[in-house]
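Chains as they are written, first to last, in the numbering used here: chain A, 598 to 1796; chain B, 371 to 658.
See below for the structure under consideration.
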Amino acid sequence: MFKTIYLKELKDQLKSPAFYIFAGLLAFGTFIFLSGTRPGVTFLYISFGKEWHNAPIVIARLLASYTLVGVLFTMIMAGGAVARDFSAGIHDFFFTTPLNKAQYLGGRFLGALTANFLIFGGVLLGMALAGMKLPPGYYGPFSLRSFILPLLVIVLPNLILTGSVFFSLASLTRKMINTYVAGVVFFLAYVLSSIAFMKVNNDLLKILADPFGISGLSTLTKYWTVAEMNANPMPLDPRLLLNRFLWLALAGAVLYFTWRKFKFVSVLENKKRAGQPVEAGHGPGEVQTLETLTPSIPDYSPACRWAQFLDLAGREFKRIAFHPAFIILTFMAMGEIFTNFLANVNEANNEVYPFTSFFLQYTSHIWIYMIPITILFGGLIVWRERDNRSHEFHDTMPVPHWVSFSSKLSALVSIQFCYVLMAMLIGIIVQAGIIGFTDIEPMLYLKGLFGIEFMKFAFMAVLVIFIQNLSPNKYVGFFISTAWFLGDILLYEVVKSASPLLRYGHIPKYIYSNLNGYGHYGPMILWYSFYWLLLALLLVLASSLLWRHGNEGSLRHRFRQAGQKIRPLQTVSLVSLTLLFLTTGGYIYYNRHILNKYRSPDGQKQVQAVYEQKFGKYRNDPQPGTRDVKLKIELFPEQRKVLLKGNYLMVNQTQSVIPEIYLNLSDRLVTKINRLEFDHPAQLVLGPEEFGFRIFRLQKPLKPGDSIRLDFDLEAEAPGFTDNNPKDEIAANGSCIIFSGAGGNTKYFPGIGFNKELLLTDRYDRSKYGLPEKSPLPTLEECDPAVPYSYNRLVTFRAEISTSGDQTVVSNGDLVRQWQDKGRNHFHYKSDIPIHDEFIFASGRYQAARDTHAGVAIEIYYDSRHPYNVQRMIKGVKSGLDLANSAFSPYPYQVQRIVEIPDYMEEGGARSQPTVFIWRESAGFVSNLDKPDRADRVFGIAAHELGHQWWAYIVCPVYAEGVNLPTENICQYVWTMCQEKEYGVKMSRDFRKQEMEIYLRGRKRDTKGERPLMRSLDGQSYLAYQKGGLILYALQDYIGEDKVNQALENIVKRFGFRSDSFATSRDLVNEFRAVTPDSLQYLIEDLFQTITIYENKAVSAESRKTGDGRYAVTLTVESNKFRADSIGNQTGIPINDYICLGVLGEKGEELYLRKHKITASPATFQITVDGKPAKAGIDPYLILIDRDREDNMVKVNNI
Amino acid sequence: MNLSISNLSKKYSNGVAALNGVSLEVPTGMFGLLGPNGAGKTTLMRTIATLQEPDSGEISFGEINVLKDKMAVKKVLGYLPQNFDFYPKESAGSLLDHFTLLKGIRDKKARKLKVEELLKRVNLWDQRKQKLGTFSGGMKQRFGIALVLLGDPQLIIVDEPTAGLDPAERVRFHNLLSEIGQDKVVILSTHIVDDVSDLCPNLAIIDQGSIALQAKTMEAIRSLEGKVWEKEIPKPEIPQYQARYRLLSSRLFAGKTFIRVHHPNNPGDGFAPRPATLEDVYFQNLKR
């Protein structure tokens, strides 16, 4: 009997379309994810770097995540198993056969479970397809084992667990709806608790608590290297197996409970059956005497139409609002919005104040939830009367079509309105209620949520109703609307093609800034909204005219009817709306393509590729270098216009004669060239071409040492509006024009020589446009120490800048004079000490905070709404100055400025120029550092950026590998050391622990492959920042801070302010080696020249009280030392190192901390301490890079 | 006010001619439209009720051109479709209130009064708070009648209202119909002859899209008086009789087969005279 039920259930499940849809979804998702070749794409919280796309752990984690998403599948499959019998009313049939409960329930459950398990076959299909599509190198050999193992250990137990819960609910309550609710609760509870668990530091707890094993898998493999990921099967750690056992036991309990409680009865008792009709009426044939009905006075006035509209819309609204699918989706969406916002502003070590703009940013994807809601309920309400079979009543009511149409549209739109309203309330609750933030900005909510998001939803609703109205039935309508939105997402989000003018209801990407609001994107948003509003109104009019009525559904008939019925006013509206729509489209097109010469990111790359192909041959030709830069800049922020005049004095600093000067001047940015000429006779022989590339042939070639002046007078204007605006730098508030070296990417200014910044760097982009792979930085062995990494030259600098009367301009050097003239503010900046020609011209309505330290003026220019961290920034600069003045060289300038700029620059947080650094608003000014135990990253960044005054500018790196060592690495050292001095050793340790975590995670994501610090490349941020800070900290811990500083001071002395010779990482390493005692020389190789990793572990510790009241501790430790290659293949090497051993007391106080030479592993040491020891171990404060850092200390066993 | 239909034709896209030049004059009072399934009854009813468009022909109700001025028709129309149901989660009272508003009665008090009056009339007042999803077929049918009666309709169309009702329900339903049909045009479309003979003084018989007969019910029956004969025969002999006589119907009674034939005078052959019924008229007028 069991077998019959089981097979019946399995057959039913396999016959249902859901089975194939779910399997298909899994196959599709797997294929898309695994076949992508761009690194770093995140899918279900998984992303990969260099490992094989079918590495066992990738498959295991993918399968685990699928079981979480698959809760929705399980809900339907397991819940449906029994509920189907009840809803079909055939349960009585089963209950009257000689079945027992176990057979019936067991058969149903196992049948559903089998089907649920089988859908994971789709993953295998997706993997196979991905394997066929991927180029070799992305896929390892196929191994069935790497698929079967997680299927049995992760997937099956997960399905049993979730399946048992849903099955139990459906069986015991006999209603499917309860499983839906449970599904939502399950999902929400999981998401919420996983956020809570992010902060938990206990691995065991993390592994055990996750019923899906997802966090178990990620915790157990978080430091796996690429090599390990490719080779190792998923870890069968006892902790993970315990997790599986515990949750399976729970599933067993649930199933047992279900079996006990399930009743083989037709109707559950103790519940009044709401469904039982109570027959009414009189006996047969009994004739009543009736009064005549009171006559009714019908009314067809507008007031009555309004009342009818409200009643119809209200009823539809209620039906949607109480529909389980709506409640479920809304719960999910709101829960996700809530946790997303809260998690994002509370992101560990990166807490920010919950500004409304962040809320809008973090919830900008809520349209994803709105799509199914709109498709589903749009379909349901259009077909409501027909589905209920009450349409013949409705259609014979004296109610015009437009009342019935508009009531339905309004109901749907009101639902969307409430959805947005709820989102807003959640935002405010998080801001004010949970975090206690008061800068709530209701107007911004209104603009962002109601003006933009809600409008988008309403456009969606209009379209869905339009589609459903024309569809022959509801399902065709569902299909078309789903296909529309899928196609829309595919075309624009994945393929990223086609014009936004053709993407119905969509506003192109814009950037919001707290400084500048919607700024110059405001008009764009308004025009696009207006444009789509016109089209939506057209669709509304069309839907109303073509509204389905009666039993004549054919389109031909409806069009004929509409043609007959159409009133003159409607015809006029139809025509004028169409004309207005097309005109608006034309106006947008004019702004985007004519005024602003729109270029897509891909188009931009393509032009860059052409630039390289055409002019790349000039890249190494000698060109003159700037010596003096004079500028006169008139900025009109409100008009978004800037006039740029000035000249460069350039000198041939090379050894060869220069016959031709190459000049770039982007015609996309610079709208008018009034003057562009040399003071020597020169002839334009080429150009302007891509990026305004021009070649001037000098009548008299420039001999070494000769100078030449370039004069220019340019205008740049940002007219109208466009998406992907190339002129974000000119903003109404917070303009920031960067001059990054006459030889670099000068943007608004003339640039000299082939612009290397335009070279495409991404491997995939380069191969796409047929460019050879970009050669990496020259090796230390091959590099030319006279070629600097940056294009900057040391110049004297003079700039007169004017802006509107309420703004301040911040630039480099000394502010010589500041005055007002004709309502405009004028500033004169200059530097007579040569500085590198990297300048900024920032203009905004700034507040200024000033301080002085060691004779240096510190000035912070910030937005009045972002005062939170200004004092921390000042503190960071001061601390950095203290360290640098004594360690490197005295700060050579009078002033150090920090200026806040809008978020238009999307990457990077802060960027240093001589005497000033710009800092992006959301990368520090809004950081919430109220929690006292958190590392003060704002302070640290300020110290770091100050460090760049020496380590990037005063000392320039050579264009070679290892470029991070004389720059970012040392700046991280400044950060770490300043932080320790200012905030103490505890914060320093916590900070370094976080940094080591980031380093260890970063190295396995790196597609370039890890390198030793001495040979790191640009772009390897985990080496530039995290490892750099850790390694230099370790160095000073071993050899002493003063020794490190002494080495650095030597570098500054040797290379400071030089323009003929620059520093390599080898120069630094050699200086370090020189100050390192012989006994520690091995460190130089370990820290800088190789990738060295330790696995330090405390094995045991015992203590015995000695006669004199002290404690003798016997400590056994293991220390294994490894060298790793670029993908993390480890080779053990013998240990012969000094490593700290420590003994801590009960309150964590240090009883003993000293470096011991360790020559064997394991090794045992005898240590005598004064106080009672509690913990003992090796490298307690993680000076060395250690993959497993939780086992360094053990509890001391007091005998 | 009379309903006048002339030359109404409708062909479906699948080629079926549902209405074939139908002309009818429907006076006030109950009017029976009798026809077998698929005769075009529902198409005709829906066309009058503005739910369908004919290919050609005219319909007027008093001054109203039914095909052109649909809104005017809807204002005086009460229509009970052949197949219908309601939103199951709505209560009877609430839904009736909704329809009352749709009929143009805005005032809340008037609406409440109307709902009470109508629900009492169709005997659903005690169930006003009950969800429509829990109603039995008969209750739904009565609720439908309440909807038909909304807004003092002058033209009432009920399409196959008694199909599927048990005898008691049917009687109740007849009572309801007979009460409302006094001074209005009420068209009762049905394939059940007794419905018409019980209720309708006038009738038309429709068959294969054409009107086979339009007459006063009593006169139609009277015209067959003395021409209907019955005989008990062995069942296998039906074809022989069919060949020889104008067979009206055959029926079983207590296991025996009786046939009725139309014959101007006594056919002999063991036939006995029987009083004519509407059923005889009906079968007499159907095409073979």
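Glycine included, each C-beta is placed from N, C-alpha and C at the ideal position.
State yes or no: is the C-beta of leucine 1299(A) within less than 8 angstroms of the C-beta of asparagine 1249(A)?
The beta carbons of leucine 1299(A) and asparagine 1249(A) sit closer together than 8 angstroms.
Run through DSSP, which three-state label would serine 1197(A) get?
Residue state, collapsed to three classes: coil.
Pick out whichever of Leu517(B), Ser426(B), Val446(B), Pro451(B) has its Cα sitting closest to the Cα of alanine 462(B).
Measuring from the Cα of alanine 462(B), the nearest candidate turns out to be Leu517(B).
Rounded to the nearest angstrom, what separates histidine 991(A) and arginine 902(A) at their Cα positions?
Between histidine 991(A) and arginine 902(A), the C-alpha separation is close to 15 angstroms.
Using beta-carbon positions only, say whether leucine 378(B) and valine 392(B) come within less than 8 angstroms of one another.
Yes.
Any beta-carbon of chain B closer than 8 angstroms to the one on glutamate 876(A)?
Summary for glutamate 876(A): the model assigns pLDDT 48, below 50, so the residue's position carries little reliability, and this model does not support an answer.
Using a C-beta to C-beta distance shorter than 7 angstroms, which residues of chain B count as neighbours of valine 996(A)?
Per Cβ cutoff of 7 angstroms: Leu472.
Counting only Cβ pairs nearer than 8 angstroms, list the residues of chain B close to glycine 976(A).
What glycine 976(A) touches in chain B: nothing, since even the nearest Cβ is about 16 angstroms away.
Interfacial residues, the segment 608-633 of chain B to chain A, with Cβ spacing under 7 angstroms
The segment 608-633 of chain B vs chain A, Cβ under 7 angstroms: nothing.
Answer yes or no: do lysine 482(B) and isoleucine 475(B) have a C-beta to C-beta separation smaller than 8 angstroms?
Not in contact: lysine 482(B) and isoleucine 475(B) (Cβ atoms no closer than 8 angstroms).
Which residues in chain A have a C-beta closer than 9 angstroms to the C-beta of arginine 416(B)? List them in chain order.
Neighbours of arginine 416(B) on chain A, chain order: Glu989, Gly1147, Asn1148.
Using a Cβ-Cβ cut-off of 7 angstroms (strictly less than) and excluding sequence neighbours within five positions of threonine 1393(A), which residues of its own chain qualify?
Excluding residues within five positions, the ones whose Cβ falls inside 7 angstroms are Asp1225, Ser1428, Asp1429, Pro1431.
Measure from the alpha carbon of arginine 589(A) to the alpha carbon of each residue in Lys1227(A), Ser1399(A), His1433(A), then state which is nearest.
Outside the modelled stretch of chain A, which goes from 598 to 1796, sits residue 589(A), for which no answer is possible.
Looking only at its own chain, which residues have a Cβ that is under 8 angstroms from the Cβ of aspartate 536(B), when we skip the five neighbours before and after it?
If the five residues before and after aspartate 536(B) are omitted, its C-beta is found closer than 8 angstroms to the C-beta atoms of Gly508, all from its own chain and listed in chain order.
Under 7 angstroms by beta carbon: chain B residues contacting serine 893(A):
Under the 7 angstroms cutoff, chain B gives Ile475, Ala480, Lys484, Gly521, Asp522.
Inter-residue spacing [alpha-carbon to alpha-carbon] between leucine 845(A) and isoleucine 757(A):
Approximately 7 angstroms, taken between the alpha carbons.
DSSP three-state assignment for isoleucine 1185(A), whether helix, strand or coil:
Helix, per DSSP.
Is it true that the CB of glycine 1350(A) sits closer than 8 angstroms to the CB of tyrosine 1443(A)?
A distance of 8 angstroms or more separates the beta carbons of tyrosine 1443(A) and glycine 1350(A).
In whole angstroms, what is the alpha-carbon distance linking alanine 1206(A) and tyrosine 1345(A)?
One C-alpha to the other measures close to 21 angstroms.
Between the C-alpha atoms of alanine 1313(A) and leucine 1060(A), what's the straight-line distance to the nearest angstrom?
In this structure, the alpha-carbon of alanine 1313(A) lies about 41 angstroms from that of leucine 1060(A).
Given proline 1219(A) as reference, the closest of Val1204(A), Ala1383(A), Ser1078(A), Arg1508(A) once Cα atoms are compared:
Residue Ala1383(A) is the option with its Cα nearest to proline 1219(A).
Within the chosen definition, does the segment 526-535 of chain B reach the segment 494-505 of chain B through at least 3 CB pairs nearer than 8 angstroms?
Contact between the segment 526-535 of chain B and the segment 494-505 of chain B is absent, with fewer than three C-beta pairs closer than 8 angstroms.
With 8 angstroms as the threshold, decide whether the Cβ of glutamate 530(B) is near any Cβ in chain A.
For glutamate 530(B), the nearest beta carbon of chain A is not closer than 8 angstroms to its own beta carbon.
Taking 8 angstroms as the CB-CB limit, is threonine 993(A) close to chain B?
For threonine 993(A), the answer is yes, since a Cβ of chain B falls inside 8 angstroms of its Cβ.
Where does aspartate 1245(A) sit, in a helix, a strand or coil, going by DSSP?
Inspection of the sequence shows that residue 1245(A) is occupied by tyrosine rather than by aspartate. Here tyrosine 1245(A) sits in strand by DSSP.
Does the beta-carbon of aspartate 1403(A) have 16 or more other beta-carbons within 10 angstroms, so that it is buried, or is it exposed?
Exposed, by the Cβ-count rule.
Under a CB-based cut-off of 8 angstroms, is alanine 910(A) close to chain B?
Not an interface residue.
So, with DSSP's three-state summary, where would you put histidine 879(A)?
Annotation note: pLDDT 46 at histidine 879(A) (below 50); position unreliable, coordinate value reported separately. The three-state reading of DSSP puts histidine 879(A) in coil, since its state is none of H, G, I, E or B.
Reference glutamate 1558(A), options Arg1414(A), Gln1280(A), Ile1062(A), Ser1613(A), closest by Cα:
Minimum Cα distance to glutamate 1558(A) is reached at Ser1613(A).
Limits of the alpha helix (DSSP H) - the one that arginine 540(B) falls within
Here the alpha helix (DSSP H) through arginine 540(B) covers 537-550.
Close Cβ partners of serine 1263(A) (< 6 angstroms) along its chain, the five nearest in sequence each way excluded
Correct list, in chain order: Phe1288, Gly1289.
Taking 8 angstroms as the CB-CB cut-off, is alanine 387(B) touching chain A?
No - not a single Cβ of chain A is within 8 angstroms of the one on alanine 387(B).
Relative to the C-alpha of glutamine 1591(A), which residue among Gly849(A), Asn946(A), Ala918(A), Leu939(A) is closest?
The candidate whose alpha carbon is nearest that of glutamine 1591(A) is Asn946(A).
6 angstroms CB neighbourhood of glutamine 1727(A) in its chain, flanking five on each side removed
Once the five neighbours on either side are set aside, the close Cβ partners of glutamine 1727(A) are Phe1719, Ala1721.
If you measure between the beta carbons of glycine 1441(A) and leucine 1098(A), is that distance less than 8 angstroms?
The answer is no: Cβ separation not under 8 angstroms.
Proximity of methionine 967(A) and tyrosine 1016(A) at Cβ, strictly below 8 angstroms:
Taking 8 angstroms as the Cβ cut-off, methionine 967(A) and tyrosine 1016(A) qualify as a contacting pair.
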